[in-house]
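For the sequence shown, this note's numbering begins at 110 and goes up steadily by one.
Every residue gets a Cβ at the ideal spot worked out from N, C-alpha and C, and that includes glycine.
Working notes, structure below.
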Amino acid sequence: MTLRSVDLRKEPVEAVLDRVERMLGVRLDRETVVRKRRSVGARTDRETWVRIERRGLDRIGVQGGDGTASAEALRGIAKPAWLAGVAWRDEAEPVIWRADETGLLPGAPVGSAVVAKDPGLAEEWWASLNASLEALAAQCTNRIATPDTETLTQELVTATIHSVFPGIDTAVTDWRPAHADLNWANVTAPVFCVFDWEDWGMAPRGLDAANLWAASLAVPPLADRVRTERRNDLASRDGKLMMLFVAAKVLGPYADPDDPRLALARKTAEQMVQELQAG
Numbered sequence: 110m111t112l113r114s115v116d117l118r119k120e121p122v123e124a125v126l127d128r129v130e131r132m133l134g135v136r137l138d139r140e141t142v143v144r145k146r147r148s149v150g151a152r153t154d155r156e157t158w159v160r161i162e163r164r165g166l167d168r169i170g171v172q173g174g175d176g177t178a179s180a181e182a183l184r185g186i187a188k189p190a191w192l193a194g195v196a197w198r199d200e201a202e203p204v205i206w207r208a209d210e211t212g213l214l215p216g217a218p219v220g221s222a223v224v225a226k227d228p229g230l231a232e233e234w235w236a237s238l239n240a241s242l243e244a245l246a247a248q249c250t251n252r253i254a255t256p257d258t259e260t261l262t263q264e265l266v267t268a269t270i271h272s273v274f275p276g277i278d279t280a281v282t283d284w285r286p287a288h289a290d291l292n293w294a295n296v297t298a299p300v301f302c303v304f305d306w307e308d309w310g311m312a313p314r315g316l317d318a319a320n321l322w323a324a325s326l327a328v329p330p331l332a333d334r335v336r337t338e339r340r341n342d343l344a345s346r347d348g349k350l351m352m353l354f355v356a357a358k359v360l361g362p363y364a365d366p367d368d369p370r371l372a373l374a375r376k377t378a379e380q381m382v383q384e385l386q387a388g
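Here's what the structure looks like:
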């Protein structure tokens with residue numbers, strides 16, 4: 110059976126919301142529903158949040174689809190507490206639906222995934238980001254990160270980088286736990302909190318920092334701030350590879366010619382190529 114390409118911002122989801130209410134024993138506030146491409150979320154009548162995701166069976170992988178629940182074992186990270194979860198197989202398509210109930214966020218998301226203006230974050234925010242990423246890197250897990258639901262392997266790193274920057278030695282030597290989808294839509298302010306943990310797992314050092322940097326490229330001072338705050342990761346060899354990895358996604362064959370990130374992504378990538386080739 111072929112899996113349909115679905116955007117949940119456009120699909121009817123009432124039946125899914127009704128089913129989640131029955132399975133979790135909650136009532137979802139329809140006025141608070143947030144719809145994204147592959148997930149839907151809403152506030153509940155017991156002052157919690159429920160996030161519902163649609164994921165194809167071919168994207169479940171060996172680690173399953175329980176990223177948010179398994180992240181509850183992580184310590185020292187500013188994130189919402191996981192409370193309950195349910196999952197079911199779609200009756201008509203090769204799809205798993207999963208709903209996770211968590212505590213409410215301490216603030217609103219900073220912005221969309223990619224920001225167009227500086228959010229003016231406080232020093233305490235950056236300190237909490239750094240503390241959380243350092244704590245995450247020190248954890249142990251057998252999970253493998255799945256950015257964009259694709260299992261992150263050495264082969265994927267190589268293929269993505271070489272699609273734009275051929276000839277680079279892409280061998281990764283330092284794999285660490287990562288959120289794997291760190292962007293401005295998945296962190297809150299003014300109090301820092303990182304959420305949407307469905308794709309976390311082992312990844313090359315610097316992936317999270319590189320993702321946040323790429324999401325900031327339309328605001329050069331913000332991109333510079335990310336590089337400064339996460340300089341230890343991004344100055345490492347694997348960190349430079351991750352900057353090329355995310356830059357390749359910005360600059361690749363499907364790049365938007367009007368994307369304001371293109372110029373800085375290209376300039377920085379050229380610098381990374383030179384540094385990596387110089388050893």
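Check: Can the beta-carbon of Ala324 be found less than 8 Å from the beta-carbon of Ala225?
Finding: no
Next item on the list: Would you check if the stretch 272-288 and the stretch 233-248 touch, i.e. whether three or more CB-CB distances between them fall below 8 Å?
Entry: yes
Notebook entry, point to check: Less than 8 Å separating the beta-carbons of Ala294 and Ala222?
Noted result: yes
Check: Under a Cβ-count criterion, where at least 16 other Cβ atoms within 10 Å of its own Cβ denotes burial, should Arg198 be classed as buried or exposed?
Finding: exposed
Check: Based on the DSSP output, what are the partners of Leu137 in its beta bridges?
Finding: Thr153
Note to self: Going by beta-carbon coordinates alone, are Thr211 and Ala182 separated by less than 8 Å?
What the structure shows: no
Notebook entry, point to check: How many angstroms separate the CA atom of Glu156 from the CA atom of Pro299?
Noted result: 20 Å
Margin query: Using the Cβ count rule (16 or more neighbours within 10 Å means buried), how would you classify Lys376?
Written below: exposed
Notebook entry, point to check: Is Val224 near the ligand NAD, judged by its Cβ being under 7 Å from some heavy atom?
Noted result: This structure does not include the ligand NAD; it has no bound ligands of any sort.
Notebook entry, point to check: Would a C-beta distance cut-off of 8 Å place Pro330 and Val281 closer than the cut-off?
Noted result: no
Check: From Val355, Arg131, Trp158, pick the residue whose C-alpha is nearest to that of Leu214; which is it?
Finding: Trp158
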